[in-house]
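Residues in the sequence shown are numbered consecutively from 1, following full-length UniProt numbering.
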Amino acid sequence: MGGLGERHRQQAGRGEQSLLFTARLSAFQAPPPNPASRASRPIGLSGTKAQLPREEKRSEAFFFPPFLSPLAATALAPVQEARKLPCQELWGFSSLSVSCCKACAASGLSIASSGHISLLGKGLLKMQSENLEPVNYYIGIDVGTASVRAALVDQFGTLVAYAEQPIQIWAPQPDHYEQSSDDIWAACCTVTKKVVCGIDVSQIRGLGFDATCSLVVLDTHFKPLAVNSEGEHNRNIILWMDHRAADQVARINGTRHRVLRFVGGAMSAEMQPPKLLWMKENLRESCWEKAGYFFDLPDFLSWKATGATARSLCTLVCKWTYSSEKGWDDSFWKLVELEDLVANNYAKIGNEVLAPGAPVGNGLTSEAAEALGLAKGTAVGTSLIDAHAGGIGMIGARVQGHNLPCENQPITSRAAVICGTSSCHMAISKSPVFVPGVWGPYDSAMVPGFWLNEGGQSATGKLIEHVVQGHAAFLELQTKSAASAQSIYTYLNGHLDLIKKSLPVGFLTVDLHVWPDFHGNRSPLADITLKGMVVGLTLSQGLDDLALIYLATIQAIALGTRHIVETMQAAGHDVNTLFMCGGLSKNPLFVQMHADITGMPVVLAHEVESVLTGAAILGACASKDFASLQDAMEKMGRVGRVVLPNHKDKRFYDKKYQVFLKLVEHQREYKTIMQSL
Numbered sequence: 001m002g003g004l005g006e007r008h009r010q011q012a013g014r015g016e017q018s019l020l021f022t023a024r025l026s027a028f029q030a031p032p033p034n035p036a037s038r039a040s041r042p043i044g045l046s047g048t049k050a051q052l053p054r055e056e057k058r059s060e061a062f063f064f065p066p067f068l069s070p071l072a073a074t075a076l077a078p079v080q081e082a083r084k085l086p087c088q089e090l091w092g093f094s095s096l097s098v099s100c101c102k103a104c105a106a107s108g109l110s111i112a113s114s115g116h117i118s119l120l121g122k123g124l125l126k127m128q129s130e131n132l133e134p135v136n137y138y139i140g141i142d143v144g145t146a147s148v149r150a151a152l153v154d155q156f157g158t159l160v161a162y163a164e165q166p167i168q169i170w171a172p173q174p175d176h177y178e179q180s181s182d183d184i185w186a187a188c189c190t191v192t193k194k195v196v197c198g199i200d201v202s203q204i205r206g207l208g209f210d211a212t213c214s215l216v217v218l219d220t221h222f223k224p225l226a227v228n229s230e231g232e233h234n235r236n237i238i239l240w241m242d243h244r245a246a247d248q249v250a251r252i253n254g255t256r257h258r259v260l261r262f263v264g265g266a267m268s269a270e271m272q273p274p275k276l277l278w279m280k281e282n283l284r285e286s287c288w289e290k291a292g293y294f295f296d297l298p299d300f301l302s303w304k305a306t307g308a309t310a311r312s313l314c315t316l317v318c319k320w321t322y323s324s325e326k327g328w329d330d331s332f333w334k335l336v337e338l339e340d341l342v343a344n345n346y347a348k349i350g351n352e353v354l355a356p357g358a359p360v361g362n363g364l365t366s367e368a369a370e371a372l373g374l375a376k377g378t379a380v381g382t383s384l385i386d387a388h389a390g391g392i393g394m395i396g397a398r399v400q401g402h403n404l405p406c407e408n409q410p411i412t413s414r415a416a417v418i419c420g421t422s423s424c425h426m427a428i429s430k431s432p433v434f435v436p437g438v439w440g441p442y443d444s445a446m447v448p449g450f451w452l453n454e455g456g457q458s459a460t461g462k463l464i465e466h467v468v469q470g471h472a473a474f475l476e477l478q479t480k481s482a483a484s485a486q487s488i489y490t491y492l493n494g495h496l497d498l499i500k501k502s503l504p505v506g507f508l509t510v511d512l513h514v515w516p517d518f519h520g521n522r523s524p525l526a527d528i529t530l531k532g533m534v535v536g537l538t539l540s541q542g543l544d545d546l547a548l549i550y551l552a553t554i555q556a557i558a559l560g561t562r563h564i565v566e567t568m569q570a571a572g573h574d575v576n577t578l579f580m581c582g583g584l585s586k587n588p589l590f591v592q593m594h595a596d597i598t599g600m601p602v603v604l605a606h607e608v609e610s611v612l613t614g615a616a617i618l619g620a621c622a623s624k625d626f627a628s629l630q631d632a633m634e635k636m637g638r639v640g641r642v643v644l645p646n647h648k649d650k651r652f653y654d655k656k657y658q659v660f661l662k663l664v665e666h667q668r669e670y671k672t673i674m675q676s677l
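Written out as structure tokens, the structure reads:
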């Protein structure tokens, strides 16, 4: 996932477009660049060319003084109580077979009066009671769409250090997006060295990776293999958002094979089987016949770090049709004419599968340790897809005292919304729930012992950026936001407050409506052919008009979330609270619109970089410092701000939702009319 505020760069060469995105820590905390340094339009979603200035790569590192959660001030001696403990309510344990800390037994997060904690010397925490406890650190590495980020996180979930490095994206033609595994690994090494600078590496107990569900291709010697007709081997990754395999996925869905039941009834072009079929049909000699290994990007990173070719249950179940119960289904691969992947016990796509957070191999190899600035043998946790890492980074947090509807309810009452370049909506259940148009149910793909359904929107942060930067008033917006030392999105939010008069901000779009599927619909309609729609345009091209279309776009994304959540609820999920993270969660307007439109409270994590927390949790789990992944989720994830819905506006958003559903109904009618020619 990438966030807002991304910078772009176009590189000339060999007739294709090369994009370098540079993401800031927060699009809502830093002013935009000088207007003269940016182009008036970003690259379009169709791959249209943009005139963009050259800009040097840069990386950023942010260091924060460690502070500790209330749990850190409570003695961690195991206790046994005769009543149900908060962790039992959360995870649905049926008996007292688990040990909990005193904070859990006390049913609260209250800090002990004598529990002041400070950081001393080389990582020793000292309580006033003179109890000493060493600090353990874990590294989380997140490979998003546009950048690689790393964080140093302690055992209480506190983000101690952060660094970010941009990565390249090539868009050689419409719907084709490619990256380089060498470029990504180099960025991983750069950011990791930054966050461990000055730290005794012996205190770093584990490392975890997450990444986008992009497809990495290597030859039989583990060297990059081109996924393009130009033969550029450096470009050996088909990015997750690549839709080149639209024809192939339509044919796969036409088979109605039984594995499709576990992806909502229809596979997406963003999954790996259609991309593999595209390569076989279009790059047979140059790529397919030379390929030795196909990795999901999170699994590639695990291999690069450890030398082990084991795959993550998360990636294989969610993107490759693997079953956690039955393994690979030979009949599927033969039916879709990819039977050559069955050979040698699926050696090319994975025959050793590990649960998220399980130790990979023997930890870091000597080569990887040197490149990352860590110690050989440091534990590496089995990786996750980036959105799933965001889920485990926040969904398990204890919520006692926040007066939320999910308090004292099982974790299945919560849904995680991870929103950046795209958005993912994660809901878990103790038994499988089949939701039409929503991926899953996937067994133990995110949290062991729970089934996962994954909804999503293919373009959210990217859509907002596309709409705002494509508007005629964008240069005016850049100038005014720079003059006020604000980001463009903070400025737009303030401008909406100025023009709203006495009405709530949301009511400004009573005559302006957006259907947000500019890059197709992932959920719950699972229709890649759907297009974006805007109804209610005028001849205005000023800043007021830009602010209104920005607001209407955010509302449309939130309405899409409501559509997904209501579809999940209708199928059997019992969700009543949203937990949100990702770049867009830093935009207060985006968060409030989701609360108002869904009618649910939105919980933001204490550490805003929940995806990095989730990646660090994987390393913590592999280190064996925690009893289980769930244990680490509870102790390292913490609740931050809670945003409540404005229930008085419910009638307005119910009407907007009716219009929203009419838009797609009409679009399909238009398509039927034109297909009758």
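Ideal Cβ positions, reconstructed from N, Cα and C, are used throughout, including at glycine.
No experiment lies behind these values; they were computed from the predicted model shown.
Boundaries of the beta strand (DSSP E) in which residue i is found, first to last residue
{"i": "D247", "result": "Note, D247: premise wrong, no beta strand (DSSP E); alpha helix (DSSP H) at 246 to 254."}
{"i": "Y293", "result": "291 to 296"}
{"i": "H149", "result": "Checking the displayed sequence, the identity of residue 149 turns out to be Arg instead of His. R149 -> beta strand (DSSP E) spans 147 to 154."}
{"i": "D175", "result": "That residue, D175, is in no beta strand (DSSP E); it is neither H nor E in DSSP."}
{"i": "residue 703", "result": "Summary: the structure shown does not reach residue 703, with the chain confined to residues 1 through 677, and so no result is reported for it."}
{"i": "E665", "result": "No beta strand (DSSP E) holds E665; the alpha helix (DSSP H) holding it covers 650 to 675."}
{"i": "T567", "result": "Per DSSP, T567 belongs to no beta strand (DSSP E); it is in the alpha helix (DSSP H), 543 to 571."}
{"i": "T220", "result": "No beta strand (DSSP E) holds T220; DSSP gives it neither H nor E."}
Supposed contact pair residue j and residue i - C-beta distance, whole angstroms, cut 8 Å
{"i": "L578", "j": "A472", "result": "About 35 Å separates the two Cβ atoms, so there is no contact after all."}
{"i": "G292", "j": "T220", "result": "3 Å"}
{"i": "V467", "j": "Y550", "result": "7 Å"}
{"i": "M593", "j": "A558", "result": "4 Å"}
{"i": "I252", "j": "T192", "result": "Contact doesn't hold; Cβ gap of about 38 Å is too wide."}
{"i": "F262", "j": "G420", "result": "Actually they are not in contact, since the Cβ atoms of F262 and G420 sit about 25 Å apart, beyond 8 Å."}
Nearest-angstrom Cα separation, counted from residue j out to residue i
{"i": "P601", "j": "E178", "result": "38 Å"}
{"i": "E575", "j": "H425", "result": "With the sequence shown as reference, residue 575 is identified as Val, and Glu is not the correct amino acid for it. Their Cα atoms are separated by approximately 11 Å."}
{"i": "A187", "j": "V148", "result": "6 Å"}
{"i": "G198", "j": "L152", "result": "12 Å"}
{"i": "W185", "j": "V196", "result": "17 Å"}
{"i": "L239", "j": "A482", "result": "33 Å"}
{"i": "E407", "j": "W328", "result": "39 Å"}
{"i": "S585", "j": "V591", "result": "6 Å"}
{"i": "S422", "j": "T460", "result": "5 Å"}
{"i": "D154", "j": "A379", "result": "15 Å"}
{"i": "H176", "j": "A269", "result": "12 Å"}
{"i": "A595", "j": "Q478", "result": "29 Å"}
{"i": "F63", "j": "G614", "result": "With a pLDDT of only 43 at F63, under 50, the local geometry of the prediction cannot be trusted, and the value read off the model is given with reservation. If I take the Cα positions, the gap works out to 19 Å."}
{"i": "T490", "j": "I141", "result": "28 Å"}
{"i": "Y670", "j": "L677", "result": "12 Å"}
{"i": "I617", "j": "L215", "result": "24 Å"}
{"i": "S59", "j": "C213", "result": "Note that S59 scores a pLDDT of 41, beneath 50, so its modelled location is shaky and nothing firm can be said."}
{"i": "H573", "j": "C621", "result": "28 Å"}
Nearest neighbour of residue i, chosen from the options [CA to CA]
{"i": "T315", "options": "E337, N228, P273", "result": "P273"}
{"i": "R256", "options": "H233, S331, S286, D182", "result": "S331"}
{"i": "E607", "options": "I395, F626, M446", "result": "I395"}
{"i": "Y346", "options": "E370, P359, W320", "result": "W320"}
{"i": "P174", "options": "A245, H233, F222, P134", "result": "A245"}
{"i": "V160", "options": "S458, K194, A226", "result": "K194"}
{"i": "M241", "options": "I204, R205, I169", "result": "I169"}
{"i": "P134", "options": "Q203, V143, G393, T190", "result": "Q203"}
{"i": "K280", "options": "L338, V342, P410, W303", "result": "L338"}
{"i": "S540", "options": "N136, D497, P166, L512", "result": "L512"}
{"i": "L218", "options": "Q486, I349, I499", "result": "I349"}
Residue interval of the alpha helix (DSSP H) (run including residue i)
{"i": "N362", "result": "Unbroken run through N362: none, as it is neither H nor E."}
{"i": "R261", "result": "Unbroken run through R261: none, as it is neither H nor E."}
{"i": "L498", "result": "488 to 499"}
{"i": "T479", "result": "474 to 483"}
{"i": "M241", "result": "No alpha helix (DSSP H) contains M241, which DSSP labels as neither H nor E."}
{"i": "Q409", "result": "Per DSSP, Q409 belongs to no alpha helix (DSSP H) and is neither H nor E."}
{"i": "A186", "result": "181 to 195"}
Would you list, in sequence order, the uninterrupted beta strand (DSSP E) runs of no fewer than 3 residues that lie entirely inside the stretch 602 to 633?
-> 602 to 605
Hey, which unbroken runs of the beta strand (DSSP E) at 3 residues or more fall wholly within the stretch 413 to 438?
-> 414 to 419, 423 to 429
Runs of beta strand (DSSP E) lying entirely within the stretch 505 to 541, each at least 3 residues, in chain order | 513 to 515, 533 to 535
Starting from the N-terminal side, write out each stretch of the beta strand (DSSP E) that is 3 residues or longer and does not extend beyond the stretch 267 to 342.
-> 291 to 296
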